[in-house]
Amino acid sequence: MTTPTPPRPAPPRPATHQRKALRRFRTWRYLRETALLVSRTLRVAARMPVRIGGVTLQPVVNTVLFVTVFGSAVHIPATRYPDYLLPGLIAQSVAFGGVSAGVATATDFSLGVIDRLTSLPITRLAVITAQIVGQVIEQAASMLVVACLGAALGWRPRVNADAICELAGLLLLGLFAFTTFGVLLGTIVRTPATIQGLGYGILLPLVFLGGTYVPVTGMQTLPRTIAEYNPIAALVAAVRQVAQGTGSTGSLMLEHPVPSTAACCTLLIAVCLPLAVKKFGPGP
1 MTTPTPPRPA PPRPATHQRK ALRRFRTWRY LRETALLVSR TLRVAARMPV
51 RIGGVTLQPV VNTVLFVTVF GSAVHIPATR YPDYLLPGLI AQSVAFGGVS
101 AGVATATDFS LGVIDRLTSL PITRLAVITA QIVGQVIEQA ASMLVVACLG
151 AALGWRPRVN ADAICELAGL LLLGLFAFTT FGVLLGTIVR TPATIQGLGY
201 GILLPLVFLG GTYVPVTGMQ TLPRTIAEYN PIAALVAAVR QVAQGTGSTG
251 SLMLEHPVPS TAACCTLLIA VCLPLAVKKF GPGP
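The following block contains the structure:
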């Protein structure tokens with residue numbers, strides 16, 4: 001008669017302090033890998049004339065062109081044109097940051113950089129976080145160029161601690177949202193030229209219909225209707241409201257641009273970030 005074998009005892013669970021130590025190790029590992037990859041992204045950008053020009057030369061040309069050419073032709077009641085235009089150009093830099101992020105991500109995929117990184121024992125979330133943070137830093141530098149040049153050309157924003165903190169938070173949220181969308185697009189398309197054509201083909205009409213250069217109220221019925229429910233228009237109106245203290249009229253989005261922009265950006269991040277992480281593949 002066979003003696004039944006007693007069941008094996010369950011392996012002991014690690015102690016609480018061991019689990020905490022493991023979590024601290026994983027967090028430290030993620031932060032260290034992210035910092036290393038961000039520094040790699042910035043070093044690569046510093047060696048590419050196209051990306052340097054996108055951060056420095058292109059914002060200078062756009063700002064000078066629009067302030068001088070449009071400023072001599074467009075007259076807005078009770079507002080100086082530089083004070084109207086510069087918040088729009090800053091918001092435009094936020095939106096176009098998504099295209100730059102998509103092109104950079106697609107370039108890394110086409111060159112095999114992402115494949116080499118994901119073959120290493122590093123956290124996949126660190127790879128995608130570094131892509132996003134590196135692009136946010138680049139676009140923040142571009143916006144700083146626009147703001148400084150705009151101030152030299154006559155832009156006079158509100159300068160107080162509350163306005164500066166609110167504007168910085170709004171722009172960082174917008175940059176993170178559009179950059180996350182661009183990274184997701186880069187993981188799907190993976191062709192830099194296609195990303196650039198597709199991105200600007202979608203964003204340019206939205207920017208022109210967003211009250212960036214001229215008020216929405218002067219447009220014809222159809223473009224005005226599109227502009228009133230355009231998330232880029234809400235972003236432009238939000239930056240203008242915080243920087244200049246001027247409100248907008250029209251749809252609910254334009255009358256309450258700051259919460260509308262925050263809601264749109266949060267939704268964009270909530271949708272795009274998990275999808276982008278999934279496209280990068282499972283990691284350790």
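The opening position of the sequence shown corresponds to residue 1 in this note's numbering, with each subsequent residue numbered one higher. A virtual CB, placed ideally from N, CA and C, is assigned to each residue, including glycine.
Would you kindly work out how many angstroms separate the C-alpha atoms of residue i and residue j, rounded to a whole number?
i, j, result
"Ala-46", "Gln-135", "12 angstroms"
"Ala-263", "Pro-77", "31 angstroms"
"Thr-27", "Gln-196", "35 angstroms"
"Leu-222", "Glu-33", "49 angstroms"
"Leu-37", "Leu-65", "36 angstroms"
"Phe-181", "Gly-199", "11 angstroms"
"Val-94", "Val-113", "26 angstroms"
"Gln-139", "Thr-16", "43 angstroms"
"Ala-193", "Lys-20", "46 angstroms"
"Glu-255", "Ala-233", "11 angstroms"
"Tyr-229", "Gln-18", "52 angstroms"
"Leu-144", "Thr-225", "32 angstroms"
"Ile-269", "Ala-276", "10 angstroms"
"Phe-25", "Ala-177", "28 angstroms"
"Leu-203", "Gln-220", "20 angstroms"
"Ser-100", "Arg-29", "28 angstroms"
"Leu-267", "Arg-51", "29 angstroms"
"Ile-90", "Ala-35", "27 angstroms"
"Arg-158", "Cys-265", "24 angstroms"
"Thr-179", "Val-74", "32 angstroms"
Would DSSP call residue i helix, strand or coil?
i, result
"Ile-195", "helix"
"Met-253", "helix"
"Met-219", "coil"
"Val-145", "helix"
"Arg-156", "coil"
"Ser-248", "coil"
"Gly-112", "coil"
"Tyr-229", "coil"
At what residues does the alpha helix (DSSP H) containing residue i begin and finish?
i, result
"Gln-58", "57-65"
"Met-285", "This structure cannot settle anything about residue 285, because the visible part of the chain is limited to 1 through 284."
"Ser-260", "257-280"
"Phe-70", "Neither: Phe-70 is in no alpha helix (DSSP H) and is coded neither H nor E."
"Gly-174", "161-189"
"Pro-121", "It is not in any alpha helix (DSSP H) - Pro-121 carries neither H nor E in the DSSP assignment."
"Leu-209", "Element bounds for Leu-209: n/a, residue is neither H nor E."
Sort out for me which residues DSSP pairs residue i with in a bridge.
i, result
"Ile-76", "Thr-79"
Margin query: For the stretch 100-112 against the stretch 121-133, do three or more pairs of beta-carbon atoms, one drawn from each stretch, fall closer than 8 angstroms, so that the two count as touching?
Written below: These segments touch.
Note to self: With three or more C-beta pairs closer than 8 angstroms as the rule, is the stretch 208-228 touching the stretch 60-75?
What the structure shows: Flag = yes, the stretch 60-75 and the stretch 208-228 touch.
Notebook entry, point to check: With a cut-off of 8 angstroms, do at least 3 Cβ pairs link the stretch 115-123 to the stretch 149-169?
Noted result: no
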